[in-house]
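Counting in UniProt numbering, the sequence shown runs from 1 upward without gaps.
Here's the structure, in structure tokens; my notes come after.
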Amino acid sequence: MASYNSSSTVEARLAAVEKLAQRAYDRGEVENIKDLWVKRGTPGIHAQYTNVGVYTDYDSIMAYHSGRPSPPGKLILHETTTPLIEVAGDGETAKGFWLMAGVESGLADPKNVGTMPEFLYEPEEKNVDGKRVWTHWVWCHYALDFLKQDGQWKIWHFRCLEVTRAPFSENWITFAKKNQLAFDKDLAYFGNDGKAVFMPTPDAKPDKLGEGREYDMPNGPHFPSFQTSPLTAAVGRLPTSPLPKCQSITRATEMFADSQLERLALLERVFSSISLVSVLLIFVTYGSIPRLRNPRNTFIVFASIANLGASIGTVISRDGLTRGEDSALCRAQSFLVHVQFHAV
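Written out as structure tokens, the structure is:
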């Protein structure tokens, strides 16, 4: 009887150990985010965390998920919400979008602070146990593309769009002005004693990804297409050779003063108003003088004047203000030139 009880006890203990080992394995699988990515060598893999650059090399991407310690006092809390997921019709690719609001904080040995800009930390009078404190609010968008491999969904493309970030003691506007050009490499994480660990040099610039480089897409998968509006659908069928490039304006690096911004905004309103008045005059003239009621000529004149006003307003003000971003005026200009070319 004693032998039987002893055997039962050993079996129970063995089962408990196996259960504990399985739990440890499962936890490791959950924490091992590397396995959530597509396989090494998958065409088109890339990740982007800031505007510094894009990582297209598998090892560079994995460096972001490698060697992360958990020093005392460190807190990384990223709460994701509002998932938007769309799976392609063939069930082989998918897109996902999440909103994220979180906090990031930790302690840094003063000897490690010198490697990072001072504005990342709280003032020295807020030190804890002789260490500098960094505490940030952060809001992001996560945009991911997924590819099904071996029957499982894997991350194919990862894009973190940081909407805003700010230390606890500062607002995000003044912080953004200081932080936007502070780094030429991505900060991967703060390690032990707050030591900064940076990512490898990016493989490509954000605006260069895909230019002059073709990826061999896996057979079969395609991304879900979105329904276009009648306007964009019509424009898409028109000739594309004469299109102006909205991004052709060189991005400015200097900062504008408030008074300059006000003048630029005023110029945009003035030239946009000129364009609208010109359009109104064309229609009044068209209705008043019968011999000029030639639809083609009238529309060409209208498109030319409207295009001129939009161009002046866009180049001088709107795109100067947004440093070459795709403005509504520039899109309207493109559409007018499209239609004018098609009419001729």
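Backbone N, C-alpha and C define an ideal beta-carbon position, used for all residues, glycine too.
Please read these numbers as outputs of a predicted model, since none were measured by experiment.
How close, in whole Å, do the beta carbons of residue i and residue j come, if the pair is a contact with beta carbons under 8 Å?
i	j	result
residue 113	residue 121	6 Å
residue 136	residue 167	6 Å
residue 105	residue 200	The Cβ separation is near 26 Å, so there is no contact.
residue 119	residue 178	5 Å
residue 176	residue 63	Wrong, their Cβ atoms sit about 26 Å apart, outside the cutoff.
Can you list, in chain order, the residues of its chain with a C-beta nearer than 6 Å to that of residue i? Leave out the 5 residues immediately preceding and following it.
i	result
residue 148	92
residue 65	33 and 34
residue 84	97
residue 73	106 and 107
residue 130	none
residue 58	40
residue 49	160 and 186
residue 87	94
residue 8	none
residue 126	133
Starting from the C-beta of residue i, find all residues in its chain whose C-beta is less than 7 Å away, skip the five residues before and the five after it, and write them out in chain order.
i	result
residue 102	77, 78, 79 and 138
residue 345	One cannot answer for residue 345 here, as it falls past the ends of the chain, which runs 1 to 344.
residue 69	191 and 192
residue 39	149
residue 183	52
residue 211	With a pLDDT of 43 at residue 211, under the threshold of 50, the modelled position of that residue is not reliable, and the figure given next carries that caveat. Hits under 7 Å: none found.
Identify the continuous beta strand (DSSP E) that holds residue i and give its terminal residues.
i	result
residue 105	93–108
residue 83	75–87
residue 168	Where residue 168 is concerned, there is no enclosing beta strand (DSSP E), given that its DSSP letter is neither H nor E.
residue 135	132–149
residue 190	187–190
residue 47	46–48
residue 198	196–198
Would you call the CB atoms of residue i and residue j closer than 9 Å?
i	j	result
residue 134	residue 190	yes
residue 71	residue 193	yes
residue 97	residue 143	yes
residue 154	residue 75	no
residue 158	residue 95	no
residue 204	residue 17	no
residue 180	residue 51	yes
residue 123	residue 169	yes
Between which two residues does the alpha helix (DSSP H) harbouring residue i extend?
i	result
residue 174	172–179
residue 58	58–63
Suppose the cutoff is 8 Å on Cβ atoms and the five residues either side in sequence are ignored; what does the same chain contact list for residue i look like?
i	result
residue 289	none
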